[in-house]
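For what it's worth, the working numbering labels the leading residue of the sequence shown as 135, then goes sequentially. Cβ coordinates follow ideal geometry from the N, Cα and C atoms, glycine included. Bear in mind the structure is a predicted one, so any value in this text is a computation, not a measurement. In what follows, a single structure is set out as C-alpha cells and then discussed.
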Amino acid sequence: MASRWTRRRFLQGAGTATGAALLSGAAAEFLAACGGTSPPATTSGAGSGNLEIFSWWTGPGEKDGLAAMVQIFQKQFPKVNYQNSAVSGGAGSNAKAVLATRMQANNPPDSFQVHAGQELIGQWVKAGKMTSVTSIWNDLGLDKVMPKGLKNIVSSNGEVWSIPVDIHRGNVVWYVSKAMGSQSPPTTFNDFVMLLDKFKAGGMQYPLALGTLGNWQQTMWFENGILANGGADYYNKLFSGKGSFTDSKVTETLNEMKTLLTYSNPNTSSMDWSDAAGLMVNGSAAVTIMGDWAKGYFTALTPAWTPNQEFGQFLYPGTKGSYVIICDTFGVPKGAKDAANAAAWVKVSGSKEGQAAFNPKKGSIPARTDVSKSGFDPISQAFMDEFPKDTIIPSVAHGSAAPPNFVTAIENTLGVFITDKDVNKAATQMESASKEFLAS
Ligand code: GAL
135 MASRWTRRRF LQGAGTATGA ALLSGAAAEF LAACGGTSPP ATTSGAGSGN LEIFSWWTGP
195 GEKDGLAAMV QIFQKQFPKV NYQNSAVSGG AGSNAKAVLA TRMQANNPPD SFQVHAGQEL
255 IGQWVKAGKM TSVTSIWNDL GLDKVMPKGL KNIVSSNGEV WSIPVDIHRG NVVWYVSKAM
315 GSQSPPTTFN DFVMLLDKFK AGGMQYPLAL GTLGNWQQTM WFENGILANG GADYYNKLFS
375 GKGSFTDSKV TETLNEMKTL LTYSNPNTSS MDWSDAAGLM VNGSAAVTIM GDWAKGYFTA
435 LTPAWTPNQE FGQFLYPGTK GSYVIICDTF GVPKGAKDAA NAAAWVKVSG SKEGQAAFNP
495 KKGSIPARTD VSKSGFDPIS QAFMDEFPKD TIIPSVAHGS AAPPNFVTAI ENTLGVFITD
555 KDVNKAATQM ESASKEFLAS
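Below, the structure is given as C-alpha cells:
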C-alpha cells in the first residue's frame, strides 16, 4: 500500500532534500551554519520608518488579501510608511528574478513572499541570506496552532526561517456553473475528456482555459497528472531523483497533456493565470486547472462570483484524498533596512487576525489551525476539513518539492512541449534535469 506523505516525510522531501539550489553543497552548508549565528529577527524598535513588502500579488483576490493584512499592520504601526513592491507575473515568474538580483546585491526588500520548502531552505537559507524568526514563532505560540510538518519545512539547523501565512491547493479544476449544468464532476481522466467533449459539442471551441506565460501552469498540469497516474509515493520518488522520467507513467501524463491541449485556447503564451480565468468569466471557456487563488480571483470580480453558485470546483481527476500544497511564507532577509518593522510584519502574517483577514480574500486556507471557519466560503471550509486528513503533496511548480534549478528546467521543457508536443523528447530532457539537479 502506498504510504502517505505524512507531514514528517514532507520535511524530508521538501525542506531538506539535498538537491542543490543556487550554491553547491559544501559552500551552502558552510553558509547555512553561519546563518544560525546571525542576530535573530526582533520587533524591538518597530514603528517608525518604512516597510517594503515584496511579492507577486498583483491580481484580483491576491492583492486584496495582501491589502487586508497590510491594513492590520498599519493599525498597529500607523507611523510606518508602507511600500508595496509587488512585481506582477503569476507564480513569481518575474518577481523571483528581481528578488534574486536584489538579494545578490545585498539590497533585499524588508520582507518577501517565499514558498516553504526548497525555495526557502535550499535557496535563501543555505546561502546564508535569511535571519532566524524562531523567537517570533515562539512568541506567537505557533507550536500549538501550526502543523508540525509546516514548521519542519520552514526550518533547518534548529531555527525557523519564515512564517507560513497560507495553504493553497493546487490539484483543483474550477468550472463555470452555467456551462457545467447538472453534469457530475469527472473522477477519471477519461471522464474529464468526455466532459470537455460535451462543452465542445455545445459550441465552446476551447473549453479548457490556459495561460502559459512563465510555463508554470502546464507544470501544474504535469504534477497533477503524475500524482493521478502514479500516486503519492511515485510522485515523491520521481521528484526527489529516485524515479525515472522516461517511465511509462510520465509518458502517459505527457500524452494526457497533449490531449488536454487540444481543448485549450490558442495563443496562451502571453496569458497569465488570471487572463485564463477571465476566459471563463467572458463565457469562452468552461474550466481551468489552477490553484485556489483562482477562487480569490472569482470572488473579487465586480459583480463578485459566489463559490458554488456562479462557479464551482472538483479535484483534478484521480487526486482525491491528496492535497497538493503551495505554502506562502514571509521572512526577514539579512540586511533588511527596516528589519524591526519587517519582523513586526512577519508577526502580523503569522497572527490569527492576520490570517483571518488575508486568506478568505486570497482563496487559500490559513496555515494556522485555530482560525474560525466562519469567515470562509464553503469551498475553503471543505478544504479546511480535508487538509488534516489528506495526503500532503508538496508542489513542484511552486517551489516546495524540488530545487529552483530543476523547476526551471522542467518549466523550460514543458514550455517547448506545449508547441512541439514531443513526448519522448520532453521525457528525456526531464530525465537529464533529474540526474543533474535532484538528489538520488
Ligand atoms: C503561487 C503563490 C500564490 C499565488 C500564485 C499565482 O506561486 O504561492 O500565492 O500568488 O502563485 O501567482
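Unbroken alpha helix (DSSP H) run spanning residue i, endpoints
i: N358; result: Q351 to L372
i: I544; result: P538 to D554
i: E487; result: K486 to K496
i: Y431; result: W427 to T433
i: F326; result: F323 to A335
i: V279; result: L276 to V279
i: L233; result: A229 to Q238
i: G412; result: W407 to V415
Residue(s) in a DSSP beta bridge with residue i
i: D462; result: H249
i: H302; result: I460
i: P467; result: M264
i: Y101; result: Beyond the ends of the chain as shown, which are 135 and 574, falls residue 101; an answer cannot be given.
i: P500; result: D300
i: V294; result: S289
i: S441; result: Checking the sequence shown, residue 441 turns out to be Pro, not Ser. F445, per the DSSP bridge assignment.
i: A474; result: Paired residue(s): none; A474 is not in a bridge.
i: A516; result: In DSSP, A516 forms no bridge with anything.
i: L342; result: S398 and V421
Nonlocal neighbours in the same chain, by C-beta distance under 6 angstroms from residue i, ignoring five residues either side
i: F448; result: V307 and P319
i: S568; result: G375 and F379
i: G199; result: F492, K495 and K496
i: A162; result: Below a pLDDT of 50, predicted positions are generally treated as unreliable, and A162, at 38, falls in that range; no measurement from the model is reported.
i: R236; result: P242
i: M518; result: I499 and K507
i: T547; result: A560, Q563 and M564
i: E570; result: none
Boundaries of the beta strand (DSSP E) in which residue i is found, first to last residue
i: D198; result: Where D198 is concerned, there is no enclosing beta strand (DSSP E), although the alpha helix (DSSP H) it sits in stretches over E196 to Q210.
i: W308; result: V306 to V310
i: I287; result: No beta strand (DSSP E) contains I287, which is instead part of the alpha helix (DSSP H) from K282 to I287.
i: Y397; result: Y397 -> no beta strand (DSSP E), and no H or E assigned at all.
i: I423; result: V421 to I423
i: F448; result: F445 to L449
i: L185; result: N184 to F188
i: T562; result: That residue, T562, is in no beta strand (DSSP E); its alpha helix (DSSP H) goes V557 to F571.
i: T525; result: T525 to P528
CB contact flag (residue i, residue j, <9 angstroms)
i: L254; j: P243; result: no
i: S227; j: W190; result: yes
i: S398; j: L342; result: yes
i: T346; j: V530; result: no
i: G359; j: E386; result: yes
i: V480; j: S245; result: yes
i: P441; j: S514; result: yes
i: K383; j: D511; result: no
i: V550; j: A543; result: no
i: P194; j: S269; result: no
i: D472; j: V214; result: yes
i: Y340; j: P400; result: yes
Contact test: residue i Cβ vs the ligand GDP heavy atom, cutoff 8 angstroms
i: G425; result: Because the ligand GDP does not appear in the structure shown, any question about it cannot be addressed here, the ligands present being the ligand GAL.
Same chain only: Cβ atoms within 8 angstroms of residue i, ignoring 5 sequence neighbours per side
i: Q489; result: V299, D300, S483, P500, A501, R502 and V505
i: M264; result: G169, L254, W258, W295, S296, G465, V466, P467 and K468
i: A160; result: With a pLDDT of only 36 at A160, under the threshold of 50, the placement of this residue in the model should not be trusted; the figure read from the coordinates follows. Excluding sequence neighbours, A160 sits near nothing in its chain.
i: Y434; result: Residue identity differs from the one stated: residue 434 is Ala in this sequence, not Tyr. Around A434: P194, G195, D198 and K495.
i: G509; result: A490 and P494
Selected residue, minimal CA-CA separation from residue i, among the options
i: L276; options: V294, N349, D325 and T265; result: V294
i: V458; options: A474, L413, I526 and F510; result: I526
i: K454; options: L361, F246 and T553; result: L361
i: D554; options: T436, L388 and Q238; result: L388
i: F333; options: K197, S311, S269 and A473; result: S311
i: F521; options: C461, G337 and G430; result: C461
i: T177; options: P400, D273, L329 and T192; result: D273
i: G224; options: S266, D406, T235 and Q208; result: D406
i: G183; options: A229, A476, G425 and T235; result: A476
i: K285; options: T436, A250 and A180; result: A250
i: G315; options: E570, F517, F445 and K507; result: F445
i: Q247; options: A202, A313 and T463; result: T463
i: G304; options: F207, E357, P194 and F551; result: E357
i: H532; options: E196, G193, N291 and W350; result: W350
i: S172; options: V267, L395 and Y369; result: V267
Cβ shell of residue i (< 7 angstroms), same chain only, five flanking positions each side left out
i: T322; result: P451 and G452
i: V327; result: T393
i: A155; result: The predicted model places A155 with a pLDDT of 30, which falls under 50 and marks its position as unreliable, so this point remains unresolved.
i: N558; result: none
i: A202; result: A491, F492 and K495
i: K371; result: G377
i: A240; result: One detail in the question is off: residue 240 reads as Asn in this sequence, not Ala. Closer than 7 angstroms at Cβ, skipping near neighbours: G469.
i: W355; result: M391, L394 and I423
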